[in-house]
Amino acid sequence: MDRIKSLFTKIKPLYAYACFTSFNLLIHLINYQRGIFGEYLDYLLYIAKIAICIFVLRSGEKPDDNAKSKVDLLFRLIIACDLFEMFVSFTMTSLTGLALWMLIGLLVIKFVLDWTVYARISRYTQRGFLWYFGNVGCVVLFAFYLKIGHLALLYTLIVLRLLIKVYVLRKPQMLALESASADKAETDMKAEAKLSNTWNKIALAVTVLLACVFLFLRYGRVPGQYELTTQSGKQTVRSSSERLGIISDNREEYSLTNWLPEWTGFHMEWHGIVDSETGDKTGAVYGNDLIFDDYGIAWDYSGHFIDTNGKNVITVSPFVMERRSGRMNLLIYAFDEYLNERQSYSNYESYLEYHSNITWQEKSVFDGNIRMYRSSDFNDHESSYFENHIAPFYSEATGTYGFINDKGKIIVSPNYIAYDDYNSDYELITLTRKFSGSKTIVNYKGEYILGRWGSFDYIIIDSHNKLLFAKKPNEIELYDFEGNRLNADSVYTNLGSYKYHGDIVVIGKSNSSDRQVYNAVVIDRNGNELFECAGYDEFYGYEDSTGSIKYVLARDNDTYNNNWVFLTRDGLDKIGGEYSEIQVLDGFELYENPVVIAVEAGSNNVSIMHCDGELIETGYRYEEYNSDYKLIEVSKEAVDGLTLYNYVDMNGELVFDRWTIGGLH
1 MDRIKSLFTK IKPLYAYACF TSFNLLIHLI NYQRGIFGEY LDYLLYIAKI
51 AICIFVLRSG EKPDDNAKSK VDLLFRLIIA CDLFEMFVSF TMTSLTGLAL
101 WMLIGLLVIK FVLDWTVYAR ISRYTQRGFL WYFGNVGCVV LFAFYLKIGH
151 LALLYTLIVL RLLIKVYVLR KPQMLALESA SADKAETDMK AEAKLSNTWN
201 KIALAVTVLL ACVFLFLRYG RVPGQYELTT QSGKQTVRSS SERLGIISDN
251 REEYSLTNWL PEWTGFHMEW HGIVDSETGD KTGAVYGNDL IFDDYGIAWD
301 YSGHFIDTNG KNVITVSPFV MERRSGRMNL LIYAFDEYLN ERQSYSNYES
351 YLEYHSNITW QEKSVFDGNI RMYRSSDFND HESSYFENHI APFYSEATGT
401 YGFINDKGKI IVSPNYIAYD DYNSDYELIT LTRKFSGSKT IVNYKGEYIL
451 GRWGSFDYII IDSHNKLLFA KKPNEIELYD FEGNRLNADS VYTNLGSYKY
501 HGDIVVIGKS NSSDRQVYNA VVIDRNGNEL FECAGYDEFY GYEDSTGSIK
551 YVLARDNDTY NNNWVFLTRD GLDKIGGEYS EIQVLDGFEL YENPVVIAVE
601 AGSNNVSIMH CDGELIETGY RYEEYNSDYK LIEVSKEAVD GLTLYNYVDM
651 NGELVFDRWT IGGLH
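Anchor point for the sequence shown: position 591 equals 591 in our numbering, and the numbering is continuous, going up by one each time.
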């Protein structure tokens, strides 16, 4: 215990300050790369640094009173700058204008003050040469970093500078607590302290007054300069915009702003809802334009979904709203804009790509981060925030996406840089993990179908057959929508360029004799392998009324012979001949049971294949398919050499008793 106590007493305030400032830089670089914390932890870092600076001031850890007064002044200025920077970071609304330059200026001033602290201390420790020479080396290293753009050099730079700081502080007389000028008159010291106290009080009073004025300008609302009449003509409302937004038949939106212009970076606007019939207002309490979906709810930019009356209908988890601090945004902006750090991530998708440029509904993520799944402005679907009871959100703090349910709870933590919802009902969602760019899948309940840490190069969702193709570096795995792996003993190696339609899927498997040659494996929607074959590149297969596939239509991939053939379920036998042209009539053609119209190669005769495997060879030449009447026009040669025309139905039966000359158009 005594040994531990002895070690603890050797931890000196200036060492603590040196270590913490280096740690602060390191943790912000890590946050830039990894997105691990938001603004609240950043404010704690501000407070921790200020506390350490106060600890240094109160410790008396200086070589003499002259050094103490000068270094104390530097630490007081550092504390003031940190307080001011935290205040600016908390109240700014955008990284532009005055707010941007204030942050830059404060960071530069703090860097100069920090440098001056060690420069002054180094005079008393006889290590000034080391401090100046070491910093020149750091500048050279930073210039080298700008050239090659690898973040590891910045980590090295921070550690190197910390070692230099520690070495500057390592001097026995530096850690002495005695004063070298103890003979100074006590009365003079009291007089100086009293004068200093007076000026401190004046400075504090002026600072508080200016802060109060600024807070009034930042959070106070300007009375709307426009007096507008509602669409009913019964009410008037003052608004900062020239017109009222229309929400519904009797609901309109107005807005107010604070006293600061947009160029300051502290500009803020609030929106409210007014009843055009009664004049009732919600008050201007919403942080931006209210965008209502077709179900009558809107995101209010402060953690709620509201209805057209302004009533909260869903309250989301507070973690959804966590943002980045002003200085973190500045660091991200600088790295992304000027240091070209993303070059180090060219081998895979990186969430750094959209660090500061993501917008939702033409709004900055600073203003709101809940996205609509669909917008009627871009497609025929209804506008909606939630599909299948879930909605995506963007976490500004981590730079990633997650999902909430319609109870406001997070069901998928924000760990992903992108999401793709392939099937129209959003039953399954493919997520792209940050850093690695690997894929995994969740369902609308937030359950990881392929495991939370599933790492696939890409995943293809076949919504019709309810099957998943998950690509790993050396193989492709097949899963159903419940996450059960199918045909685990089979090693699928390539999706190839196969085209398939209907109730089958086709995947490539390496030929046992040549890894570069792939055979096509035809699989039904239950995951059963039907057969393996080579030489075909496009397939059709449909279930009959019993749910079984009786035949598969396949096209030869030979450049000179692109004919189609009907293969049996096991792929061993052919039904009929070869066909140069086909037309498949399935659900898209409003056919309940798919039918194939096939034109025989050479003879041009038409055959009809039903999904139950019945092949009807009509013996007539094919002319065209009439989609209006769902009939096939056919022809034949008469005895006298004339061409006669008729129609057959999908059972191969002639429609008319008599054939006609010259076509049926």
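For glycine and all other residues, C-beta sits at the position ideal for the given N, C-alpha and C.
{"Query": "C-beta contact flag for Gly331 and His28 at 8 angstroms", "Result": "Gly is not the amino acid found at residue 331; the sequence shown has Leu there. Yes."}
{"Query": "Stretch pair the stretch 35 to 54 + the stretch 312 to 327: three plus CB contacts closer than 8 angstroms", "Result": "yes"}
{"Query": "C-beta contact flag for Lys165 and Tyr132 at 8 angstroms", "Result": "no"}
{"Query": "Length of the line joining the Cα atoms of Ile54 and Tyr394", "Result": "38 angstroms"}
{"Query": "Cα-Cα separation, Tyr301 to Leu45", "Result": "26 angstroms"}
{"Query": "Presumed contact (8 angstroms Cβ cut-off) between Val222 and Thr230, rounded CB distance", "Result": "Not a contact, Cβ separation roughly 21 angstroms."}
{"Query": "CA nearest to the CA of Glu242, picked from Arg251, Tyr226, Asp249, Lys234", "Result": "Tyr226"}
{"Query": "Between the CA atoms of Ile390 and Phe403 - distance to the nearest angstrom", "Result": "7 angstroms"}
{"Query": "Whole-number beta carbon distance between Ile549 and Ile668, since they are thought to touch under 8 angstroms", "Result": "Nothing about residue 668 can be reported from this structure: the residues present for the chain run from 1 to 665 only."}
{"Query": "Neighbourhood of Asn405 by C-beta, 6 angstroms cutoff - its chain only, sequence neighbours within 5 removed", "Result": "His389, Ile390, Ile411"}
{"Query": "Beta carbon of Pro414 nearer than 8 angstroms to that of Thr432", "Result": "no"}
{"Query": "Nearest-angstrom Cα separation, counted from Ala18 out to Leu74", "Result": "14 angstroms"}
{"Query": "Check whether Phe266 and Ala99 have beta carbons under 8 angstroms apart", "Result": "yes"}
{"Query": "Touch test, the stretch 636 to 656 against the stretch 602 to 620, Cβ-Cβ under 8 angstroms, three pairs minimum", "Result": "yes"}
{"Query": "Short Cβ contact (8 angstroms threshold) for Asp537 with Lys509", "Result": "no"}
{"Query": "Own chain, CB closer than 8 angstroms to Gly535, minus 5 neighbours either side, in chain order", "Result": "Asp556, Asn557, Asp558"}
{"Query": "For Gly326, the first and last residue of its enclosing alpha helix (DSSP H)", "Result": "326 to 334"}
{"Query": "Pairwise C-alpha distance: Asp289 and Val506", "Result": "48 angstroms"}
{"Query": "Assumed close pair Ile461, Leu428 - CB separation to whole angstroms, cut-off 8 angstroms", "Result": "6 angstroms"}
{"Query": "Beta bridge counterpart(s) of Tyr226 as assigned by DSSP", "Result": "Ser239"}
{"Query": "Range covered by the beta strand (DSSP E) that runs through Gly502", "Result": "499 to 502"}
{"Query": "Rounded distance between the beta-carbons of Asp544 and Asp586, thought under 8 angstroms", "Result": "Not quite, the Cβ-Cβ distance comes to about 13 angstroms (not below 8 angstroms), so this is no contact."}
{"Query": "Burial state of Asp275, where buried means 16 or more other Cβ atoms lie within 10 Å", "Result": "buried"}
{"Query": "Cβ shell of Gly279 (< 6 angstroms), same chain only, five flanking positions each side left out", "Result": "Gln235"}
{"Query": "Cα-Cα separation between Asn526 and Asp649, rounded to whole angstroms", "Result": "33 angstroms"}
{"Query": "Helix, strand or coil at Lys147 [DSSP, three-state]", "Result": "helix"}
{"Query": "Assigned secondary structure, Met673 (DSSP; H/G/I helix, E/B strand, else coil)", "Result": "Not covered by the structure: residue 673. The range shown for the chain is 1 to 665."}
{"Query": "Among Met86, Gly303, Ala298, the one whose alpha carbon lies nearest that of Tyr674", "Result": "Nothing about residue 674 can be read from this structure; the chain reaches only from 1 to 665."}
{"Query": "Chain-order list of residues whose beta-carbon lies under 7 angstroms from that of Asn562 (same chain, five-residue window excluded)", "Result": "Arg555, Asp556"}
{"Query": "Sub-8 angstroms separation of Arg161 and Cys138 beta-carbons", "Result": "yes"}
{"Query": "Enclosing beta strand (DSSP E) for Arg621 [first to last residue]", "Result": "615 to 626"}
{"Query": "Within-8 angstroms CB hit, Leu77 to chain C", "Result": "No chain C appears in this structure, which consists of one protein chain only."}
{"Query": "Boundaries (first-last residue) of the alpha helix (DSSP H) holding Asp42", "Result": "39 to 59"}
{"Query": "Inter-residue spacing [alpha-carbon to alpha-carbon] between Tyr540 and Cys533", "Result": "14 angstroms"}
{"Query": "Counted within 10 angstroms of its Cβ, other Cβ atoms place Glu178 as buried (16 or more) or exposed", "Result": "Residue confidence is low: Glu178 scores 37 on pLDDT, short of 50, so the model does not pin down where it sits. Its coordinate-derived value is still stated next. Label assigned to Glu178: exposed."}
{"Query": "Contacts around Asn24, its chain only, beta-carbon distance under 8 angstroms, and the 5 residues preceding and following it disregarded", "Result": "Leu45, Lys49"}
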